[in-house]
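Just below is one structure, and these are the notes that go with it.
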Amino acid sequence: MSRPAKITINLNALRHNYQLACSLAPASQTLAVVKANAYGHGATACAKALEPFAPAFAVACIEEALELRDSGISKPILLLEGPFTNDEVALADQHNFWLMLSNQQQIDFIAAAKPKAPLTIWLKIDTGMHRLGLPPHEVEQAYQRLMAMDHVHSTVVVASHFAAADDLDKNFTKTQIDHFKSILPSADVPTSLANSAGILAWPESHGSWNRPGFMLYGTSPLSTPHRNTETLEPVMRLESKVIGTHWVEKDETVGYGCTWQAKQKSLIATVAIGYGDGYPRQAPNGTPVFINNQQAPLAGRVSMDMITIDVTHIPQTAIGDTVELWGENIDVNVIAKACHTIGYELVTRMTQRVEKTYQD
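Residues in the sequence shown are numbered from 536 upward in steps of one, following the numbering used here.
This is the structure in structure tokens:
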């Protein structure tokens, strides 16, 4: 027997979502972003599922890229944060990693390198995110410097990143797109702007390369409903089981801090999941779970190992019943909104204590 909290990853859904990203931008090449352990879904398994289709992958850092290489992934891998030290350029040469360059120091690393084969370089420019990227006035000189290097591939991709593409009511994304186009070194330079939100809702951002991440895992990155998100299929299902039931009388409280009080005689079910597993402690009373084909609300604070739910309206609830925390029936974004965070955080924060299984 094992603790019933578990994650199920649907790899068919992952492939479906990748194909959706491709279909929305058929003139672009679509790499798959599998950073942060594929947003908590398992980078190795997800990359292997997508490798027959994706021309390249993207990760945050060289450690993540080396993990994929060690697992047998052979497609090119883009390091989104580029090399942190000079010696990482040699590793990139050895393992066919592509490098995103965001500052002059990284360009100096490339200038000093002596690779065995030309390096594939992406040049990131800051169009308003103000996190990473060259300022616009440095772009032309940096691009020409790279193009003059014999050990740099003749095609340098120019990229940027959106700050507010999830909000369709803001004009800032359009401003970034226009700014990006105005500072390109030439009209025919290959480009990459679109993240998941860009692919789904900003077709004018589609470039030579698109970079879907969150949408691959079946959840919308957009803050409002959109027709292109309706066919996304959730990839992660987080579930556990009821490990206890008991009745409490009217006015009795449940859980730490006595934050939930029964308005009537109530049936409480205890479920083996908690913040020690990655379920958010800040989930308030009323946060929904799915049990016996209907929703039930959280009743009391999330503990390290358990939650309690009010199943008075589901009196047949018994020990051993399955409880979905998010997945096909409960959108992770619903839980995130209740917790004043985003779905990205919830899926990436799951701990190793939760068993992960894969369905193909």
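Glycine residues also receive a C-beta, built at the ideal position from the N, C-alpha and C atoms.
Nothing here was measured: the structure is a model prediction, and the numbers come from that model.
Using a 10 angstroms sphere on the CB of residue 635, the tally of other CB atoms reaches 16 or more, which defines it as buried. Along the length of the segment 628-659, whole alpha helix (DSSP H) runs at least 4 residues long occupy 639-647, reported in chain order. Under the 8 Å Cβ criterion, the segment 856-870 counts as touching the segment 745-756, having at least three qualifying pairs. Excluding sequence positions up to five before and after residue 851, its CB lies within less than 7 Å of the CB of 827, all in the same chain and listed in chain order. As a beta-bridge residue in DSSP terms, residue 795 pairs with 789.
Within its own chain, the residues whose Cβ lies closer than 7 Å to the Cβ of residue 566, once the five positions on either side in sequence are excluded, are 589, 590, 591, 592, 593, 613, 744, 746, listed in chain order.
Here residue 786 is exposed: its Cβ has fewer than 16 other Cβ atoms, across all protein chains shown, within 10 Å. In the displayed model, residue 604 falls within a helix according to three-state DSSP. In the DSSP assignment, residue 804 falls within the beta strand (DSSP E) that extends over 801-806. For residue 772, DSSP records a beta bridge to 543. Taking residue 616 as the centre and dropping the five residues before and after it, the same chain places the C-beta of 595, 596, 635, 637, 667 closer than 8 Å to its C-beta, in chain order.
With distances taken between CA atoms, residue 541 lies nearest to 771 out of 712, 798, 771, 842. According to the DSSP assignment, residue 891 belongs to the beta strand (DSSP E) that extends over 890-894. Restricting attention to 765, 777, 604, the CA atom closest to the CA of residue 863 is found in 765. With fewer than 16 other CB atoms across the displayed protein chains lying within 10 angstroms of its CB, residue 619 is exposed. In the DSSP assignment, residue 613 falls within the unbroken beta strand (DSSP E) covering 612-614. Excluding residues up to 5 positions away in sequence, 871 lie with their Cβ nearer than 7 Å to the Cβ of residue 877 in the same chain. Residue 593 carries a strand assignment under DSSP once its states are collapsed to helix, strand and coil. Ranking 639, 841, 650, 687 by CA distance to the CA of residue 625 puts 650 first. Judged by DSSP in its simplified three-state form, residue 551 adopts helix.
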